[in-house]
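These notes are about the structure you will find just below.
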Amino acid sequence: MRALDFSYMLGLVPVLVSYIPLTLFMAGAGMVFALILASALAVERVVKVPVLDGLVVLFISFFRGTPLLVQLFLFYYGLPQVLSFLTQINGVTAAIMGLTLHFSAYMAESIRAAIAGVDRSQWEAAQSIGMTQAQMMRRIILPQAGRIAAPTLVNYFIDMIKGTSLAFTLGVTEMMGAAQKEAAGSFRYFEAFLVIAVLYWIIVEILSQGQKRLEIHLNKAYAR
Amino acid sequence: MIGIQGLTKRFGDTVVLDAIDLDIADGERVVVIGPSGTGKSTLLRCLNFLDAPQAGTIRIGDLTVDAAQATRQQILGLRRRTAFVFQNYALFANKTAKQNIMEALVTVQGRPVQEAEARATEILAQTGLADKAESYPAALSGGQQQRVGIGRAMALGADLMLFDEPTSALDPEWVGEVLDLMRQVAEQRQTMLIVTHEMQFAREIADRVVFMDGGRIVEQGPPSQVLDAPQDERLQRFLRRVG
Ligand SMILES: Nc1ncnc2c1ncn2[C@@H]1O[C@H](COP(=O)(O)OP(=O)(O)OP(=O)(O)O)[C@@H](O)[C@H]1O
Ligand SMILES: [Mg+2]
Numbered sequence: 001m002r003a004l005d006f007s008y009m010l011g012l013v014p015v016l017v018s019y020i021p022l023t024l025f026m027a028g029a030g031m032v033f034a035l036i037l038a039s040a041l042a043v044e045r046v047v048k049v050p051v052l053d054g055l056v057v058l059f060i061s062f063f064r065g066t067p068l069l070v071q072l073f074l075f076y077y078g079l080p081q082v083l084s085f086l087t088q089i090n091g092v093t094a095a096i097m098g099l100t101l102h103f104s105a106y107m108a109e110s111i112r113a114a115i116a117g118v119d120r121s122q123w124e125a126a127q128s129i130g131m132t133q134a135q136m137m138r139r140i141i142l143p144q145a146g147r148i149a150a151p152t153l154v155n156y157f158i159d160m161i162k163g164t165s166l167a168f169t170l171g172v173t174e175m176m177g178a179a180q181k182e183a184a185g186s187f188r189y190f191e192a193f194l195v196i197a198v199l200y201w202i203i204v205e206i207l208s209q210g211q212k213r214l215e216i217h218l219n220k221a222y223a224r
Numbered sequence: 001m002i003g004i005q006g007l008t009k010r011f012g013d014t015v016v017l018d019a020i021d022l023d024i025a026d027g028e029r030v031v032v033i034g035p036s037g038t039g040k041s042t043l044l045r046c047l048n049f050l051d052a053p054q055a056g057t058i059r060i061g062d063l064t065v066d067a068a069q070a071t072r073q074q075i076l077g078l079r080r081r082t083a084f085v086f087q088n089y090a091l092f093a094n095k096t097a098k099q100n101i102m103e104a105l106v107t108v109q110g111r112p113v114q115e116a117e118a119r120a121t122e123i124l125a126q127t128g129l130a131d132k133a134e135s136y137p138a139a140l141s142g143g144q145q146q147r148v149g150i151g152r153a154m155a156l157g158a159d160l161m162l163f164d165e166p167t168s169a170l171d172p173e174w175v176g177e178v179l180d181l182m183r184q185v186a187e188q189r190q191t192m193l194i195v196t197h198e199m200q201f202a203r204e205i206a207d208r209v210v211f212m213d214g215g216r217i218v219e220q221g222p223p224s225q226v227l228d229a230p231q232d233e234r235l236q237r238f239l240r241r242v243g
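Chains A and B are the protein sequences, given in the same order.
Just so we're aligned: the first sequence equals residues 1 to 224 in UniProt numbering.
Just so we're aligned: the second sequence equals residues 1 to 243 in UniProt numbering.
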C-alpha cells in the first residue's frame, strides 16, 4: 500500500474541471433534443396515429431495451459502414445523438404517464372552447404534464451527465477521457479516477439541490 | 336559431338520448330539469361533441351538422359556436383567471393579445373579480372559480351558452353569487340552455322549462305551466320530490 498523492490530485483538479463545459454541453444539448423528441413520442403515444404508433412503440422498446454503450458503438462505429454519409460525424455529435435517442425513449414514457395524469376536466375544457388537438396539447396539457414530469426528467438529466462519460469510448476527450489520459501518463490511476468520481459527484449533488428547490416550487404551482 | 333533430346517443346498448327534438330561439333561456341519469348532461355534451352522438342533426346559426358523419371541421365549428360552463368549473389550472378568459380569444379566435386582454379585464370587472385577475384557480373559492368559468364562456361570444348544473358543486354560501352572474348574462339576451336543480331560479329565469326523463323530452312549456300545472305523472312525481 502507498499513500495517496494529494498534490498530484490537487494539480489534476483544474485540468479536469476545464472539461466540465464540454460535459455540460453534451448533456445540455442531449437534454434539449431528447425533451423535444420525447414530447413528440409521448403525444403520439397518447393520440395513437395508425402505423406510426407501432413504430414509436418499437423505437421506445429498442432504446430502453439495449445498453447506451451498445447504442453508441452501433451509431459511431457501425452505421457509417452501412450509410456512407455518416462518416463525417464526429464523436461529440455521435454522443449527443446517442444520448438523445436513448434518453428520449425513457423520457417519452414518463411524459406519457404525466399526460395521462392531467385531469380529464382540462381536456374537456380545452375541447369545449374549440381548440384543435395541437392547441390543446401545446397550451394546456403539455405545460401541466411538464410540471408533473419535471422531477423525473431532472433524474434523467443527471443520468445523462453521467452518460456523457461514455463519449470517451468514441474517442472524445471529455472529462473521463482526460482523466484516463492523465492516469496513463502518470500511472496514478487511483488518484485520477478518484478525482473524476468526486467531480461527477459534486456536479450531481449541485443538480440534486436544484431538483429539491424545483420540487418545492412545483408543489406550490399555480397557487397564487 | 338553434335546431336539434333526432339527437341520439347510446353508451353501449343503453340509449341515453332517444331522438331528441328541440328548437331554441335566439335569446331564449331554456332550463332543463329531470331526475338523475336521464341524459341532461349528455344532451349538453352532445351539442358540442364532448360526447359524440350517433345520430341526429344539430343546427346552430349558419352551421348544420349531421351527427352521424360530422367532420373534424364541423365539430370545431359547433364548439366555437357554443360555450360550456362545467359543474366542476374546469378552469385551466396552468392559467390565471385573466388568462383563462383570454385563452380562447387568442388561441382559437386569433385575436391580438391586447384586445383579448382588454376584453378579459372588462369581463372580470363584470363578474366582480377584477382583483383576482392574476390569481390561479387553485387560489380561488368555488364561487369565484365558477364565475371565472362563466366569464370564460361569456368571452367566446357564442351563439349558445350551455350550463351543466353550474351551482351543484358549490358550497351553499357561493350559490347566490353564481346565480346572480347568470341573471346578468340572461339580461344580455344571451341564448342559454341550463341544466339545474335550482327550481326557484328556473322559474325566474326560464322562458321555457323542459322536463326530461329516460332520454326523452316528456313535457315542456313556460315555467308557470310546467312547474305549476304539470300534466305528465312523472313530472308531477319529480316536482313533489324536489319540493
Ligand atoms: N361515458 C359514459 N359511459 C357510459 N354511460 C354513461 C356515460 N356518461 C353517461 N352515461 C350514462 O348515461 C346516463 C345519462 O347520464 P347523464 O349524465 O346525462 O345524466 P343526467 O341527467 O345529467 O344526470 P344527473 O342529474 O345525475 O347529472 C346515465 O345512466 C349514465 O350512467
Ligand atoms: Mg348531469
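Just so it is clear, CB atoms sit at the ideal spot from N, CA and C, and this is done for glycine as well.
- Taking 7 Å as the CB threshold, B:L239 stays off the interface with chain A.
- Between the alpha carbons of A:S186 and A:A34 lies a gap of roughly 38 Å.
- With 16 or more other CB atoms across the displayed protein chains lying within 10 angstroms of its CB, B:K9 is buried.
- The chain-ordered list of residues whose CB is nearer than 5 Å to some heavy atom of ligand 1 reads B:F11, B:V16, B:S36, B:G37, B:T38, B:G39, B:K40, B:S41 and B:T42.
- According to the DSSP assignment, A:R147 belongs to the alpha helix (DSSP H) that extends over L142 to G163.
- The alpha-carbon of B:A52 is positioned some 18 Å away from that of B:R216.
- For A:Y200, there are no neighbours in chain B by C-beta distance under 8 Å, as the nearest C-beta there is about 35 Å away.
- Think of a sphere of 7 Å around the beta carbon of B:T107: the chain A residues whose beta carbon falls inside it are M131, Q135 and R139, in chain order.
- By the CB criterion at 7 Å, A:V43 and A:M137 fall inside the cutoff.
- Inclusion of A:G98 and A:F75 in the CB contact set at 7 Å is warranted, their separation being smaller than that value.
- For A:Q144, the chain B residues whose C-beta falls within less than 8 Å of its own C-beta are A93 and N94, listed in chain order.
- The Cβ of B:R147 sits no closer than 7 Å to any Cβ of chain A.
- Residue state for A:R112 is assigned as helix, using DSSP reduced to three classes.
- Distance from the Cα of B:G27 is smallest, within the candidate group B:M199, B:V185 and B:G214, for B:V185.
- Counting only Cβ-Cβ distances below 9 Å, B:R79 has contacts in chain A at Q127, S128, I129, G130 and M131, in chain order.
- B:A206 and A:S208 have their C-alpha atoms some 59 Å from each other.
- Not a single C-beta of chain A is nearer than 7 Å to the C-beta of B:F201.
- A Cβ-Cβ distance of about 17 Å is found for the pair B:T82 and B:I101, leaving them out of contact under the 8 Å criterion.
- At least one C-beta of chain A is nearer than 7 Å to the C-beta of B:F84.
- DSSP places A:V49 outside both helix and strand once states are collapsed to three, so it counts as coil.
- Identification of residues in the region 96-129 of chain A having a C-beta nearer than 8 Å to some C-beta of chain B yields D119, S121, Q122, E124, A125, A126, Q127, S128 and I129, given in sequence order.
- Look at B:L140: its C-beta is not under 7 Å from any C-beta on chain A.
- Around B:E103, the beta-carbon contacts reaching into chain A at under 9 Å are A126, I129, M131, R139 and I140.
- For B:A90, at least one C-beta of chain A is nearer than 7 Å to its own C-beta.
- In the DSSP annotation of this structure, the continuous segment of the alpha helix (DSSP H) that includes B:K40 starts and ends at K40 to L47.
- For B:L50, the closest Cβ of chain A is nearer than 7 Å.
- In terms of beta-carbon proximity, A:Y19 stays away from the interface with chain B, with every pair separated by 7 Å or more.
- When secondary structure is reduced to three states using DSSP, B:Q87 falls in the coil class, being assigned neither helix nor strand.
- For B:L160, not one C-beta of chain A is nearer than 7 Å to its own C-beta.
- Under the DSSP assignment, A:F190 falls in the alpha helix (DSSP H) whose first and last residues are Y189 to N219.
- Per the DSSP secondary-structure output, B:Q5 pairs in a beta bridge with B:T57.
- Inter-residue distance for B:L43 and B:L17 is about 7 Å (C-alpha atoms, whole angstroms).
- Contacts with chain A at 7 Å (Cβ-Cβ) include B:L76.
- The DSSP-derived three-state label of B:D171 is coil.
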